[in-house]
Amino acid sequence: MLLEPDVKFIKEIESLGGDTLKKCFQCATCSVACPISPDNKPFPRKEMIAASWGLKDRVVKNADIWLCHNCGDCSTLCPRGAKPGDVLAALRMYAIKEYAFPKKLGEMVSDPSKLPILLAIPFIIFLIVGMVCNMFVDPNWLCFSPGGDEIVHSHFFNSWLVDLIFVPLSLCVVAVFARGGYQFLNDIHQNAVLEGKTDKKELDLLGIAQAFPKVVLKILKHEKFDQCGENQSRSTPHMLVLFGFIGLFIVTSIFFVVLYGFQTHGPYSQFNPVKWLANISGIALVMGGLVMLKERISQDTSKQISTYKDWSLIGLVLALGLSGLLTEMTRLGELAALSYGLYYIHLVFVFCLFAYLPFSKLAHLFYRTLAMTYSEYANRQ
Ligand code: SF4
Ligand code: SF4
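Numbering (our numbering) for the sequence shown: 8 to 388.
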């Protein structure tokens with residue numbers, strides 16, 4: 008077999024946090040130490056070898072890099088300090104870029120120097136659309152006086168305008184994930200056949216769909232996280248953030264249906280159970296983000312490092328949660344100008360969440376779920 012190493016790929020993995028890759032001397036301690044790795048063709052040793060040889064297709068189109076939950080047990084025990092946990096995390100970030108489209112946007116999301124541009128895009132879009140469509144529906148919104156009219160954010164930025172931006176944006180994101188997900192499933196299946204990880208020759212999408220509910224349950228219960236030794240404490244903040252997002256997704260969907268189905272728009276009473284769910288989810292998001300931040304700051308960098316994508320995800324989680332909660336608190340405190348301004352900032356962050364989702368670390372939610380579902384389907388436990 009003629010090996011054709013992709014040197015550019017090796018360099019990129021090193022720049023994404025896998026700079027210890029070449030230290031590996033293939034002892035296999037990591038594959039023995041990993042609490043999640045299956046007995047048949049275990050990871051991460053084989054990925055370390057393939058990545059250090061520059062065999063891009065063997066690692067990027069490999070479901071196993073997604074089965075890893077970055078617990079760090081392997082990195083702690085590696086006798087060479089090769090940090091396989093970090094290398095696998097770098098491979099996942101590379102894979103996210105490979106399966107997303109357009110590639111240029113993926114490069115921008117990975118580049119810290121482009122962050123101001125990425126934030127400026129939604130800021131300007133909302134400004135232009137708002138101005139063109141008479142954003143200031145209520146021209147007196149800045150002159151709000153305590154005890155006067157109720158603060159209604161849709162008076163500042165009309166709800167249908169917000170949805171005019173977010174509905175097409177969401178559809179684009181779904182299309183990007185559908186395209187990437189289909190390609191991803193085919194690739195990981197071919198890799199599994201090639202490496203002898205499955206005896207299923209053809210990819211059966213119905214079989215994948217049947218495996219899905221079992222995997223969702225495992226993800227919600229954080230079963231894999233709980234098998235970790237080194238970083239088991241990550242399970243709780245991860246769960247808070249995950250349930251926070253799920254709760255806010257449910258709330259947004261209900262408010263959308265109520266607005267367009269029953270022509271009823273907010274603000275809703277604080278006694279409304281959907282409002283409770285919104286508040287609890289927002290608090291869960293902020294709490295989870297703060298604990299993640301604390302853990303990242305205090306982590307031992309000789310065992311595990313944090314990359315730009317780790318920090319930017321925590322930053323986005325906190326920005327979303329805090330801007331949402333502060334928007335509501337200032338509304339209840341009758342601080343009109345501040346509340347409208349915070350609402351605008353909140354919309355900018357929500358746009359960032361959606362528009363950059365297929366390229367950010369948050370895309371792991373999609374690809375890891377697919378990889379775990381495939382592994383369940385392929386009986387790779
Ligand atoms: S990463 Fe470390 S533990 Fe794993 S095979 Fe390489 S040297 Fe051994
Ligand atoms: S980081 Fe944890 S889950 Fe990932 S390969 Fe290492 S031991 Fe296994």
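Glycine residues also receive a C-beta, built at the ideal position from the N, C-alpha and C atoms.
Would residue i be called buried (16 or more neighbouring beta carbons within 10 Å of its own) or exposed?
i, result
"cysteine 150", "Confidence at cysteine 150 is low in this model, with a pLDDT of 47, below 50, so its placement is unreliable and the value that follows should be read with caution. So cysteine 150 counts as exposed."
"leucine 10", "exposed"
"glutamate 383", "buried"
"cysteine 75", "buried"
"methionine 336", "exposed"
"serine 38", "buried"
"leucine 98", "buried"
"aspartate 71", "buried"
"methionine 379", "buried"
"phenylalanine 252", "buried"
"tyrosine 374", "buried"
"valine 94", "buried"
"isoleucine 124", "exposed"
"cysteine 41", "buried"
"cysteine 31", "buried"
"glutamate 397", "Any property of residue 397 remains undetermined from this structure, which presents the chain solely from 8 to 388."
"proline 280", "exposed"
"threonine 259", "exposed"
"proline 220", "exposed"
"phenylalanine 191", "buried"
To the nearest angstrom, how far is it from the Cα of residue i to the Cα of residue j?
i, j, result
"glycine 154", "alanine 127", "Reliability of the predicted coordinates at glycine 154 is poor, the pLDDT of 46 falling under 50, and no value is obtained from them."
"alanine 89", "glutamine 311", "10 Å"
"valine 139", "alanine 185", "33 Å"
"glycine 236", "glutamine 306", "15 Å"
"serine 152", "alanine 343", "A caution first: serine 152 carries a pLDDT of 45, below 50, which makes its placement in the model unreliable, though a value can still be read off. Roughly 8 Å separates the two Cα atoms."
"valine 355", "valine 169", "11 Å"
"isoleucine 304", "valine 298", "10 Å"
"glutamine 234", "glycine 79", "12 Å"
"isoleucine 132", "phenylalanine 163", "15 Å"
"glutamate 209", "phenylalanine 358", "39 Å"
"arginine 338", "serine 346", "5 Å"
"cysteine 81", "threonine 271", "54 Å"
"valine 136", "serine 319", "27 Å"
"alanine 385", "alanine 291", "35 Å"
"serine 309", "lysine 228", "30 Å"
"aspartate 118", "valine 67", "20 Å"
"leucine 377", "asparagine 193", "11 Å"
"glutamine 33", "lysine 110", "33 Å"
"threonine 334", "glutamine 277", "14 Å"
"aspartate 211", "cysteine 179", "26 Å"
"serine 161", "leucine 364", "26 Å"
"threonine 27", "lysine 15", "16 Å"
"isoleucine 195", "tyrosine 189", "10 Å"
"tyrosine 315", "alanine 326", "16 Å"
"serine 22", "leucine 213", "39 Å"
Any heavy atom of ligand 2 closer than 7 Å to the beta-carbon of residue i?
i, result
"alanine 218", "no"
"serine 309", "no"
Using CA atoms only, rank isn't needed, just tell me which of the options is closest to residue i.
i, options, result
"glutamate 230", "Gln388, Gly61, Ile20 and Gly340", "Gln388"
"glutamate 402", "Asp71, Val169, Ser367 and Phe164", "Nothing about residue 402 can be read from this structure; the chain reaches only from 8 to 388."
"glutamine 246", "Val258, Phe256 and Phe232", "Before going further, note that residue 246 is methionine rather than glutamine in the sequence given. Among Val258, Phe256 and Phe232, the Cα nearest to that of methionine 246 belongs to Phe232."
"tyrosine 350", "Val181, Thr380 and Ser330", "Ser330"
"glycine 25", "Val200, Gly214 and Ala58", "Ala58"
"leucine 255", "Leu360, Pro220, Lys18 and Pro123", "Leu360"
"alanine 362", "Val181, Ser22 and Asn238", "Val181"
"methionine 8", "Phe191, Leu62 and Glu21", "Leu62"
"serine 240", "Ser166, Glu302 and Gly188", "Glu302"
"lysine 225", "Leu213, Ile17, Ser242 and Thr259", "Ser242"
"alanine 102", "Thr83, Leu249 and Arg65", "Arg65"
"leucine 323", "Pro12, Asn69, Val293 and Phe191", "Val293"
"isoleucine 261", "Leu249, Tyr275 and Phe250", "Tyr275"
"asparagine 77", "Glu341, Tyr381, Val174 and Asp317", "Asp317"
Answer yes or no: the CB of residue i versus the heavy atoms of ligand 1, is any distance below 7 Å?
i, result
"alanine 35", "yes"
"cysteine 359", "no"
"alanine 97", "no"
"alanine 89", "yes"
"cysteine 179", "no"
"proline 86", "yes"
"methionine 55", "yes"
"phenylalanine 173", "no"
"phenylalanine 32", "yes"
Practice task
Specify which residues have a beta carbon nearer than 7 Å to any heavy atom of ligand 4, listing them in chain order.
Solution key: Because ligand 4 does not appear in the structure shown, any question about it cannot be addressed here, the ligands present being ligand 1 and ligand 2.
Exercise for the section: For the region 284 to 296 and the region 74 to 93, state whether three or more C-beta atom pairs, one from each stretch, are separated by less than 8 Å. Expected result: no
Handout entry: Touch test, the region 101 to 116 against the region 367 to 377, Cβ-Cβ under 8 Å, three pairs minimum
Key = yes
Practice task
Take every Cβ of the region 199 to 216, pair it with every Cβ of the region 43 to 55, and state whether three or more of those distances are shorter than 8 Å.
Solution key: yes
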